[in-house]
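Here is the structure we will look at, set down as structure tokens.
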Amino acid sequence: MSRWTLPPERIPSAWFNVAPHLTTPVQPPLHPATREPVGPDDLAPLFPGPLIEQEMATAPWIDVPGEVLDILRLWRPTPLARAIRLEKALGTPARIYFKDESVSPAGSHKPNTAVPQAFYNAGDGVRRLTTETGAGQWGTALAFACAQFDLECAVYMVRASFEQKPYRRVMMETWGGSVVPSPIDEPDHPGSLGTAISDAVRDCAGRADSHYALGSVLNHVLLHQTVIGLEAREQLTLAGERLPDIVIASCGGGSNLGGIAFPFVPDAGVRLLAVEPASCPTLTQGRFDYDFGDVAGFTPLMAMYTLGHDFVPPSIHAGGLRYHGDSPLISALVRDGRMEAAAYPQGKVFEAAVAFARAEGKVSAPEAAHAVRAVIDEALAAKETGEERVILFNYSGHGFLDLSAYDDHLHGRLIDESA
Ligand SMILES: *Cc1c(COP(=O)(O)O)cnc(C)c1O
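With our numbering applied, the sequence shown corresponds to residues 16 to 434, in that order.
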């Protein structure tokens with residue numbers, strides 16, 4: 016057997032909170048003007064109460080509301096698959112497993128948090144959500160979730176992606192969302208997640224009927240994603256494995272990585288690996304410091320690895336990984352040595368994506384392909400030493416709307432600024 020599914024009732028009924036498992040507690044976010052720690056009242060204009068509580072939660076488990084489970088069951092639990100054909104192609108003794116988050120309506124892991132965020136906002140009487148999107152994955156996820164709760168959805172999309180990926184805009188509009196390129200006031204600027212966050216926060220701050228939703232980075236977002244790792248743990252047992260030797264995921268803001276890796280943090284022997292683009296090397300080359308989450312400096316300051324909030328990464332195809340900062344929870348784990356990080360240039364990433372597609376049939380999102388690259392290198396290292404390593408990775412999304420990137424790679428047009 017090479018694929019393990021769980022019945023609908025085995026969907027995790029509580030999220031795993033990693034905060035109580037950190038060796039040093041995360042430093043609190045600071046108010047952008049006063050530089051004092053932010054309290055729940057400072058966040059109230061942006062987020063509903065339950066999400067603010069989750070942002071600061073210290074309880075080890077947090078219940079998933081029934082209405083959220085009902086929607087997640089449209090595609091969850093997601094399959095765990097073993098990449099046997101890739102193992103054979105590499106000639107590795109490693110056993111490679113991947114959690115297939117590409118089966119969601121939006122084609123990525125992002126609806127796992129979009130749905131609870133829309134649910135709590137609707138419960139708070141909010142009529143409209145504003146957000147940013149990089150490659151369009153988060154925007155599509157939120158547009159889908161808003162459609163479930165009759166909320167309006169206004170998406171500020173990084174201009175480079177808006178121009179490269181028109182089909183994501185069409186998906187968002189199909190689910191009822193409205194999409195504008197960011198930065199709104201500079202038509203020649205390629206934009207970044209940082210500019211789009213500024214636009215979305217500015218919009219929401221000016222309207223009483225609106226709240227803001229963020230697709231990654233924040234503690235509550237990573238919390239919602241832990242359904243991935245919790246299911247994977249159970250499915251690995253079904254596959255006859257005890258624990259993985261290493262858990263690998265791509266890292267932009269850290270949500271798909273936190274989602275699959277956090278439930279393994281208490282298992283000291285399990286290595287955790289973040290994979291980022293060489294052109295936006297936040298964890299491998301950034302500094303650990305307080306910095307703004309956006310370019311304009313509207314958001315609270317977070318203690319994280321950062322390349323500087325005014326850093327504009329080059330327009331690589333993995334738009335979802337173009338963020339100057341990183342989740343404070345992921346940053347704390349890297350700083351404390353519990354998690355490792357690696358960076359790859361996109362040419363090497365697409366070589367791995369093509370090898371994975373030819374062996375397993377799956378055409379990865381460019382973001383997910385970063386994980387595939389590291390998985391292949393890990394499997395080749397196991398071949399070198401003859402070790403039977405168990406590798407678990409997050410297949411965070413498919414690349415069906417990223418085919419122009421594959422076209423560029425296959426026809427020698429892929430520019431690698433960092434290679
Ligand atoms: C958004 C996205 C990522 C990167 O974001 P994280 O918050 O770091 O997970 C990775 N893979 C896919 C498919 C995405 O859509």
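Note that the Cβ used here is the ideal one computed from N, Cα and C, for glycine as well.
Nothing here was measured: the structure is a model prediction, and the numbers come from that model.
Would you mind reading off the limits of the alpha helix (DSSP H) that contains residue i?
{"i": "Ile-86", "result": "81-87"}
{"i": "His-226", "result": "Segment 225-227 is the beta strand (DSSP E) holding His-226; no alpha helix (DSSP H) there."}
{"i": "Trp-153", "result": "152-163"}
{"i": "Ala-29", "result": "No alpha helix (DSSP H) contains Ala-29, which is instead part of the beta strand (DSSP E) from 29-31."}
{"i": "Phe-371", "result": "361-375"}
{"i": "Arg-217", "result": "208-220"}
{"i": "Gly-268", "result": "Element bounds for Gly-268: n/a, residue is neither H nor E."}
{"i": "His-204", "result": "Per DSSP, His-204 belongs to no alpha helix (DSSP H) and is neither H nor E."}
Between the C-alpha atoms of residue i and residue j, what's the straight-line distance to the nearest angstrom?
{"i": "Ala-396", "j": "Lys-103", "result": "15 Å"}
{"i": "Ala-434", "j": "Cys-168", "result": "Residue confidence for Ala-434 is low, a pLDDT of 41 falling below 50, so the modelled location carries little weight; the figure read from the coordinates is stated next. One C-alpha to the other measures close to 38 Å."}
{"i": "Gly-362", "j": "Trp-153", "result": "24 Å"}
{"i": "Pro-94", "j": "Asp-214", "result": "37 Å"}
{"i": "Glu-366", "j": "Arg-388", "result": "8 Å"}
{"i": "Phe-159", "j": "Trp-190", "result": "5 Å"}
{"i": "Arg-25", "j": "Gly-244", "result": "13 Å"}
{"i": "Ala-383", "j": "Ala-48", "result": "37 Å"}
{"i": "Ile-99", "j": "Pro-196", "result": "42 Å"}
{"i": "His-239", "j": "Thr-128", "result": "5 Å"}
{"i": "Val-280", "j": "His-36", "result": "7 Å"}
{"i": "Ala-276", "j": "Ile-331", "result": "25 Å"}
{"i": "Gly-106", "j": "Phe-177", "result": "40 Å"}
{"i": "Ile-77", "j": "Asp-304", "result": "29 Å"}
{"i": "Ala-211", "j": "Arg-183", "result": "16 Å"}
At which residues does the beta strand (DSSP E) containing residue i begin and terminate?
{"i": "Met-186", "result": "First-last for Met-186: 181-189, but that is the alpha helix (DSSP H), not the beta strand (DSSP E)."}
{"i": "Arg-143", "result": "143-148"}
{"i": "Pro-75", "result": "Careful: Pro-75 lies outside any beta strand (DSSP E) and carries neither H nor E."}
{"i": "Ala-264", "result": "261-265"}
According to DSSP, what are the bridge partners of residue i?
{"i": "Glu-355", "result": "Leu-288"}
{"i": "Thr-321", "result": "Arg-302"}
{"i": "Tyr-171", "result": "Glu-147, Val-195"}
{"i": "Asp-341", "result": "Its beta-bridge partners do not exist; DSSP assigns none."}
{"i": "Tyr-112", "result": "Arg-97, Leu-407"}
{"i": "Gly-412", "result": "Ser-123"}
{"i": "Phe-307", "result": "Leu-316"}
{"i": "Leu-45", "result": "Pro-52, Leu-316"}
{"i": "Ser-346", "result": "According to DSSP, which records beta bridges pairwise, Ser-346 is partnered with nothing at all."}
{"i": "Arg-18", "result": "Ala-96"}
{"i": "Ser-436", "result": "A query on residue 436 cannot be resolved here, the shown segment of the chain reaching from 16 to 434 and no further."}
Does the distance from the C-beta atom of residue i to that of residue j stay below 8 Å?
{"i": "Ala-289", "j": "Leu-407", "result": "no"}
{"i": "Gly-230", "j": "Ala-156", "result": "yes"}
{"i": "Arg-353", "j": "Leu-287", "result": "yes"}
{"i": "Gly-412", "j": "Ser-117", "result": "yes"}
{"i": "Ile-345", "j": "Gly-273", "result": "yes"}
{"i": "Pro-381", "j": "Gly-414", "result": "yes"}
{"i": "Thr-148", "j": "Met-172", "result": "yes"}
{"i": "Arg-257", "j": "Cys-295", "result": "no"}
{"i": "Cys-266", "j": "Asp-341", "result": "yes"}
{"i": "Ala-109", "j": "Glu-375", "result": "no"}
{"i": "Asp-224", "j": "Val-141", "result": "yes"}
{"i": "Pro-65", "j": "Val-242", "result": "no"}
{"i": "Thr-146", "j": "Ala-228", "result": "yes"}
{"i": "Cys-161", "j": "Gly-138", "result": "no"}
{"i": "Pro-131", "j": "Thr-20", "result": "no"}
{"i": "Tyr-359", "j": "His-385", "result": "yes"}
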